[in-house]
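Each residue of the sequence shown is one higher than the last, beginning at -7 in this note's numbering. Glycine included, every Cβ here is placed at the ideal spot set by N, Cα and C. Structure first, then comments.
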Amino acid sequence: MAVSRYGWLVSELNRYSKLYHEHNVSEIPDPEYDALYRELEELEARHPELRQPDSPTQRVGGAPQPGLKPFVHEVPMLSLQNAFTSGEIEEFDRRIRRQIGGGSSHFRYQVEPKLDGLAMELVYENGTFVRGGTRGDGQTGEDVTHNLRTIPSVPLQLANAPAGRLSVRGEVLFDLPGFERMNDRREREGERRFENPRNAAAGTMRQLDPKMVKGRPLHFYAHSAGVMPEGLTAGAQSELSAEFARWGFKVNPLNVVVEGVAAVLAAIESLRQQRGGLDYEIDGAVVKVDSFDLQDRLGFVTRSPRWAVAYKYPPERVQTVLEDALFSVGRTGAVTPVACLRPVRVGGVTVSRTTLHNEDELARLDLCVGDTVEVERAGDVIPKVVRVVVDEGHASRPRVRYPAVCPECGSPLVRDAEESATRCPNELECPAQVRRVIEHFASRLCMDIEGLGEKLVDQLVSAGLVRRPSDIFRLDVEALTRLDRMGTQSAQNLMRAIEKSRGRGLDRVVMALGIRHVGETTARDLARHFGTIDALMAASEADLTAVEGVGVTVAKSVTRFMADARNRDEIQALRALGVVFAPVSAPRGVRLGGKTFVLTGTFPSMGREEAKQLLEAAGAKVSGSVSKKTDYVVAGAEAGSKLDRARELNIAILDEAGMLSILAASSEVG
Ligand code: IVH
């Protein structure tokens, strides 16, 4: 029993962790993850013989993202033990007192917000920022120096800098109001919303192109040191925090120093009460023994210090009114109930709509329009309606019922037993599904047809001009200009964007086809493995599961898709219309082809001509003057008017190191 439970826990926790670290997706709420993790720890404590080397307790993160260079931590980045109750904090305090002995009963703690961001290490040499990276597995993370340089609160030069090397650790946080603004914009432009600010910060920091990062509202708060600078006089965590501030870092203003466990608990509670009003997310409080001498005496257990603990807040819950419910039809026909709520702030974000997931969840909740409901948001996940607050009005209010027919096309809905989803089976005719299929096909990660967003797709489908993706390639300027608010110029631009999209290559077009369970990574794996669409179309389930990372679900989904004559006809139609179904070699992440660079000033390790040759070899254009068309200005020492002009035009500015990391990224991805 223990053995099979152990195996299950290891594989599930590893899977969540991989999804989270490599794809910025959280499949289960944090508290559930924590509960499973604790169960695993307890099982390992009781049955040490079960412990496997790949157990998540033996490492701290996921594998690095391809395209970013590894970043090795000189001193490993550890994690903190968690506590969930005041009893566990009291136990932590007792343990410390026991260990340090009765003599030193007067010592202090620093209590800090546990910042719910992305852990980062910044390395400084003689006060100059030289590189920075994510935590990764605690030993090796990813080098994101190029992106860190664009964050205003990352000091590039420290004030009163100590000599030698030092490393400062902290969290990169996404500002909450900025997060909501960005998500609204993404939605308007047909891009996927980020699930939460932490995922947004993670997704942003792992961009290969610093231009995508610049301007996003990110902050860096310093909270600890890796490599301590020589000659540091600070003798306590609180003094180190003050030193960080003197050097020019942001230090959290809510940090407090207290004595005694009662004061620790009061500080934790006070932070919890301030949580909802903050502009960034916190998911708990970190309690640290303040004195470095005591910290040294207490030492470490395997992967965390004995002198600190993270108290995790329970997910926040609030009440609001269910104003309405609607049913949204997705690309695969799944009909999802959506709650329309009186807007309410919970866990730092304002919620007015949230998914009720599926027919079963709707039945479980037993909702009526006008009911007061409890909404919970655990740091990581989309807000969830947990339950109805039943009052005397409940019984007489109109019940929210799951529809029997598709709200868009009226087809009787079909229950998908495998996936607890209920679907509209009218795949090719249901206007909602048609719109979503086209939107997906044209979206940025698929064929990336600029200008073909939600609104235009809606117009094209309503006008009967587009029913299947191949129809996009049958459009012409004349047909387009018949649409409302579409002038000749816009029509020509769209035609050019469509033209450009034909050559995106096999992996993108495989993803664009919208095969269920085939996302970006799987599409790339399939394209690499099979090389041609004919080979993929002919592949059996066994051929497919032979591809690393492809399981039975994906294999079944691909063979089912390819067995459908309508899909095969669509592929042939796309081909006949000039869509390329072969691999293209252009790197995917940063494509320097088409990017324009301007070089100015003197670089530390190479001449300008050498830099120019490197860039041109990677397909970039190097120009002599800065204009709106310039993508990057690489500025060395004594850069003059070109740098000023770049600032005026808000063009991304790199130094030599930044340019080299882009070059490295563009040659590694393929
Ligand atoms: S101190 C030995 N202070 O929490 C670890 N960490 O599980 C020393 N975190 O990813 C870390 N807020 O980056 C510290 N105020 C804070 C923190 C904090 C968030 C993160 C940390 C790490 C995780 C530890």
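With a threshold of 6 Å (Cβ to nearest heavy atom), would residue i be considered close to the ligand IVH?
i, result
"Ser454", "no"
"Lys106", "yes"
"Leu35", "no"
"His215", "yes"
"Leu72", "yes"
"Val293", "no"
"Ala331", "no"
"Pro245", "no"
"Val278", "yes"
"Glu163", "yes"
"Ala259", "no"
"Pro297", "yes"
"Ala111", "yes"
May I ask you to list the residues that DSSP assigns as paired with residue i?
i, result
"His211", "Leu165"
"Cys332", "Asp316 and Arg345"
"Asp401", "With the sequence shown as reference, residue 401 is identified as Cys, and Asp is not the correct amino acid for it. DSSP output for Cys401 lists no bridge partner at all."
"Thr414", "Arg407"
"Val250", "Tyr101"
"Phe76", "For Phe76, which the question treats as bridged, DSSP gives no partner whatsoever."
"Ile645", "Val625"
"Leu107", "Ile274"
"Arg198", "Answer is none; Arg198 lacks a bridge partner."
"Gly125", "Glu113 and Asp135"
"Glu366", "Gln311 and Arg379"
"Ser216", "Arg161"
"Pro62", "Glu134"
"Val327", "Val321"
"Pro297", "Phe292"
"Ser709", "This structure does not reach residue 709, given that the chain is present from -7 up to 662, and the question cannot be answered."
"Arg337", "Thr342"
"Ala302", "Asn74 and Val278"
"Val590", "Ser615 and Val625"
Throw me the rounded Cβ distance for the residue i and residue j pair, which I believe falls under 8 Å.
i, j, result
"Gly611", "Gly650", "Going by Cβ atoms, the distance from Gly611 to Gly650 rounds to 18 Å, so no, they are not a contact pair."
"Glu66", "Val219", "5 Å"
"Val406", "Arg389", "With 8 Å as the limit, Val406 and Arg389 do not qualify as a contact, their Cβ atoms being about 29 Å apart."
"Val205", "Thr120", "About 20 Å separates the two Cβ atoms, so there is no contact after all."
"Leu168", "Asp271", "5 Å"
"Asp282", "Ala214", "Not a contact, Cβ separation roughly 16 Å."
"Val365", "Val380", "6 Å"
"Ser159", "Glu113", "5 Å"
"Cys332", "Ala317", "7 Å"
Is it buried or exposed, residue i, if we count other Cβ atoms within 10 angstroms and call 16 or more buried?
i, result
"Lys492", "exposed"
"Leu5", "buried"
"Trp299", "buried"
"Ala55", "Bear in mind that the predicted position of Ala55 carries a pLDDT of just 43, short of 50, making it unreliable; the figure below should be weighed with that in mind. Per the 10 Å Cβ criterion, exposed."
"Gln481", "exposed"
"Asp647", "buried"
"His98", "exposed"
"Arg30", "exposed"
"Pro306", "exposed"
"Glu41", "exposed"
"His211", "buried"
"Arg127", "buried"
"Asp468", "exposed"
"Ser344", "exposed"
"Gly724", "Because the chain spans -7 through 662 in this model, residue 724 falls outside it and cannot be assessed."
"Ala326", "buried"
"Tyr8", "buried"
"Gly664", "Residue 664 is absent from the model: the chain starts at -7 and stops at 662."
"Lys376", "buried"
"Lys447", "exposed"
"Ala504", "buried"
"Thr324", "buried"
"Leu472", "buried"
"Trp0", "exposed"
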